[in-house]
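Same order as they appear, the protein sequences are chains A and B.
In terms of my numbering, the first sequence is residues 22 to 340.
In terms of my numbering, the second sequence is residues 22 to 340.
For every residue, glycine included, the Cβ atom is placed at its ideal position computed from N, Cα and C.
Protein chains: 2
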Amino acid sequence: MALNTALPRLVALAGGVGGARLAHGLAHRLDPDHLSIIVNTGDDFEHLGLLICPDLDTVLYNLAGVHHPDQGWGRADETFHVLEEAARLGHDPWFRLGDKDLALHLLRRQMLAAGLRLTAVTAELARRFGVVHPILPMSDDPVRTVIGTPEGELAFQDYFVRQRCRPRMVGMRLEGLETARPAPAAVAALERAEAVVICPSNPYVSIGPILALPGLRERVQARPTVAVSPIVGGQALKGPAAKMMAELGVEVSALGVARHYAGLIRGFVLDQRDAHLAPAVAALGLRVLVTDTVMTDTAARVRLAGEVLAFVRELIRES
Amino acid sequence: MALNTALPRLVALAGGVGGARLAHGLAHRLDPDHLSIIVNTGDDFEHLGLLICPDLDTVLYNLAGVHHPDQGWGRADETFHVLEEAARLGHDPWFRLGDKDLALHLLRRQMLAAGLRLTAVTAELARRFGVVHPILPMSDDPVRTVIGTPEGELAFQDYFVRQRCRPRMVGMRLEGLETARPAPAAVAALERAEAVVICPSNPYVSIGPILALPGLRERVQARPTVAVSPIVGGQALKGPAAKMMAELGVEVSALGVARHYAGLIRGFVLDQRDAHLAPAVAALGLRVLVTDTVMTDTAARVRLAGEVLAFVRELIRES
């Protein structure tokens with residue numbers, strides 16, 4: 022605790038695997054009173070009669086240390102017996118739901134049916150996994166990301182998983198946003214936060230929905246905020262971020278990401294491979310940290326988290 | 022079809038494993054136009070957010086040939102990965118839901134959520150399992166068997182599975198019966214039936230709920246009906262039938278079962294071990310068939326079904 026008194030009270034904004042990895046690293050550095058993770062729920066969808074929350078679960082599985090070591094989703098040591106049988110019975114198994122994963126979805130559905138809100142359900146599931154850091158859905162209300170393509174709109178998981186991001190993205194829309202409110206616990210965490218870290222998640226479909234909720238962008242903007250680039254060497258480490266940037270006519274580089282967040286953030290974290298972009302990022306009025314941002318293992322997550330924290334502390338001191 | 026023209030159009034009433042075994046045997050003897058199986062749904066219950074229909078599923082699994090060869094429920098070659106993980110996450114795994122079994126429950130819940138009635142859902146599931154004989158829930162409305170014990174009432178599966186039938190049964194009640202209607206397809210099958218076979222299922226908790234639905238007992242009574250004793254040598258082959266009879270003060274024997282059905286049926290099938298009871302059963306005004314009723318394997322099911330059919334044909338000729 023002596024260590025933490027010098028550490029900031031932080032909120033991390035996270036989407037899928039990149040966000041989950043940095044959140045995991047930060048959780049090694051900060052106690053639960055100093056770190057809350059607000060997670061995108063725009064990817065959530067109903068499937069097989071269950072509510073699937075891919076980003077919440079990826080963050081949960083990573084913090085619990087039960088995540089698949091290589092793929093960006095699901096559990097380690099997973100089997101697919103239910104899905105295989107359902108497929109034999111005519112179900113299209115395009116969305117890979119494992120048996121362990123299903124156990125969580127069944128418990129979540131049961132708790133939701135009992136009237137708990139998604140924030141409370143997520144807290145209870147986290148408790149059962151032994152996860153002590155608050156994992157906070159951005160909203161308890163359904164917000165559903167819809168991807169615009171030349172052939173029409175696609176629900177996010179349809180675009181992302183079934184069609185493997187192949188259709189060209191010409192726009193996106195957040196269904197339910199008109200009536201959705203941010204989750205009270207997420208708002209409270211931001212209110213208490215001394216700083217915010219935007220994890221290396223997709224700026225459009227992972228971080229975008231969080232910032233689109235009423236009042237959240239303003240609260241992030243009001244604090245020293247650091248974003249870690251999800252684009253390294255002109256490519257996304259996971260997912261369609263680079264492809265989307267190209268299709269939306271944005272420069273596919275860490276600089277493109279920095280421009281996307283300019284006006285919202287004060288500091289930007291670049292991978293060392295993109296060190297040559299540091300002057301251009303600085304010219305946007307941003308402080309820059311150049312380091313190794315590729316989190317190949319837990320040690321790399323914890324190391325990057327430490328560097329990001331030091332960077333955040335500098336920004337807080339200056340603010 | 023030449024064979025079947027001489028065979029009766031039959032309805033079988035079935036509960037759990039004993040009923041499923043004879044229904045399976047009958048399905049080997051009669052084409053789908055000559056055999057419908059009306060199944061008890063009083064055992065159904067909501068669990069893990071799913072609708073579990075133990076008797077419907079036992080009949081389905083037996084007719085599909087995917088039933089567990091020894092135990093009276095569930096699938097062959099089953100695993101329990103979802104349940105094991107749910108238990109690790111705090112779920113009490115008292116009801117053993119296997120992974121393959123769960124696939125069916127998930128698909129059923131999805132179809133019910135889409136607005137299909139239980140009869141239509143069961144028909145669709147049967148189709149997917151390649152089962153051609155109509156498996157008909159007794160009702161599309163919820164009817165729930167509640168067991169009275171000295172310590173109060175227990176939901177059926179709580180009594181049957183969690184408490185392993187240990188509490189003394191002092192009575193039973195069918196929750197929802199006041200408003201439940203028999204399923205139209207079940208009524209239509211009985212209307213078309215030339216005869217009815219009451220399978221060797223528990224007379225109270227398996228057959229009782231079917232007969233309790235408005236109009237069903239009368240329709241059974243109006244036809245040549247044969248019951249196969251679930252009590253052999255003073256014992257139930259599976260389940261609590263013998264224990265229940267003793268607790269309700271009824272003679273625990275095939276004769277006790279025959280007395281229970283007297284006034285409803287015209288013929289009664291006794292196991293050869295109970296041949297000495299044949300005169301007392303006949304004295305109730307019933308035709309009696311004495312044979313080997315213990316269905317140890319598929320061949321035994323088909324053989325017993327053949328004998329029961331011949332017996333039914335005699336009764337039809339005489340009626």
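Check	Outcome
Using 8 Å as the Cβ pair cut-off and three pairs as the minimum, do the stretch 310 to 330 of chain B and the stretch 286 to 302 of chain B touch?	yes
Going along the chain, which residues of the stretch 52 to 82 of chain A sit with their C-beta nearer than 8 Å to a C-beta in chain B?	L69, G70, L71
For V315 of chain B, name the three-state secondary structure that DSSP assigns.	coil
Assuming T79 of chain B contacts M159 of chain B under a Cβ cut-off of 8 Å, what Cβ separation, rounded to an integer in Å, is found between them?	Between M159 of chain B and T79 of chain B the Cβ distance is about 14 Å, and since that is not below 8 Å, they are no contact.
Along the chain, which unbroken stretches of the alpha helix (DSSP H) at least 4 residues long are found entirely within the stretch 57 to 145 of chain B?	75 to 85, 102 to 109, 120 to 134
Take R95 of chain A as the anchor and find which of A:E106, A:G111, A:C74, A:A107 has the nearest alpha-carbon.	In the sequence on display, residue 95 of chain A carries Gly and not Arg. Checked all of A:E106, A:G111, A:C74, A:A107; the closest Cα to G95 of chain A is A:C74.
What are the uninterrupted segments assigned as alpha helix (DSSP H) that are 4 or more residues long and contained completely in the stretch 160 to 243 of chain B, given in chain order?	205 to 213, 229 to 233, 237 to 242
Residues of chain B with CB closer than 8 Å to the CB of D113 of chain A, please, in chain order.	Within 8 Å Cβ-Cβ: nothing; D113 of chain A doesn't reach chain B, min ~12 Å.
Looking at the C-beta of E328 of chain A, does it have a partner C-beta in chain B at a distance below 8 Å?	no
Taking the beta carbon of T140 of chain A as the centre, do at least 16 other beta carbons fall within 10 Å, making it buried, or is it exposed?	buried
Take every Cβ of the stretch 162 to 177 of chain B, pair it with every Cβ of the stretch 236 to 255 of chain B, and state whether three or more of those distances are shorter than 8 Å.	no
Checking contacts by CB at 8 Å: is E106 of chain B closer than that to chain A?	yes
Just confirm the distance between the C-beta atoms of H88 of chain B and E99 of chain B, as a whole number of angstroms; I'd bet it's less than 8 Å.	Not quite, the Cβ-Cβ distance comes to about 10 Å (not below 8 Å), so this is no contact.
Going by C-alpha to C-alpha distance, which of A:P155, A:R109, A:A134, A:R324 sits closest to A144 of chain A?	A:P155
Starting from Q131 of chain B, find everything on chain A with Cβ-Cβ shorter than 8 Å and list it in chain order.	L69, G70
For V60 of chain A, collect the residues of the same chain with a Cβ closer than 7 Å to its Cβ; drop the 5 residues on either side in sequence, then sort them by chain order.	A35, D76, L77, V80, I156, L157, P158, M159
Which of the three DSSP states is assigned to G36 of chain B in this structure?	coil
Of the residues A:P221, A:R334, A:A97, which one's Cα is nearest the Cα of E215 of chain A?	A:R334
Can you pull the chain C residues whose beta carbon is under 8 Å from the beta carbon of A331 of chain A, in chain order?	Absent from the structure is chain C; the protein chains it does hold are A and B.
Between the stretch 243 to 262 of chain B and the stretch 217 to 231 of chain B, are three or more C-beta pairs nearer than 8 Å?	yes
What is the rounded straight-line gap between the Cα of R213 of chain A and the Cα of G192 of chain A?	34 Å
Would you call T318 of chain B buried or exposed, if buried means 16 or more other Cβ atoms sit within 10 Å of its Cβ?	Before going further, note that residue 318 of chain B is Asp rather than Thr in the sequence given. Its Cβ having fewer than 16 others within 10 Å, D318 of chain B is exposed.
Between the alpha carbons of I58 of chain A and P230 of chain A, how many angstroms are there, rounded?	15 Å
Give me whichever residues DSSP pairs with Q256 of chain B in a beta bridge.	B:V253
Helix or strand or just coil, what does DSSP make of P158 of chain A?	strand
For A27 of chain A, count the other beta carbons within 10 Å of its own beta carbon; 16 or more makes it buried, fewer makes it exposed. Which is it?	exposed
The stretch 133 to 149 of chain B: which residues have C-beta closer than 7 Å to a C-beta of chain A, in chain order?	A134, R149
Against chain A, with Cβ distances strictly below 8 Å, would D120 of chain B count as a contact?	yes
Rounded to whole angstroms, what is the Cα-Cα separation between G151 of chain B and R109 of chain A?	11 Å
Is the CB of L110 of chain B under 8 Å away from at least one CB in chain A?	yes
Considering only their Cβ atoms, is the gap separating V103 of chain A from L123 of chain A smaller than 8 Å?	yes
Determine which residues of the stretch 305 to 319 of chain B have a Cβ less than 7 Å from any Cβ of chain A, and write them out in chain order.	none
Please classify R148 of chain A: does DSSP put it in a helix, a strand, or coil?	helix
Taking its Cβ as the centre, do 16 or more other Cβ atoms sit within 10 Å of E339 of chain A, making it buried, or is it exposed?	exposed
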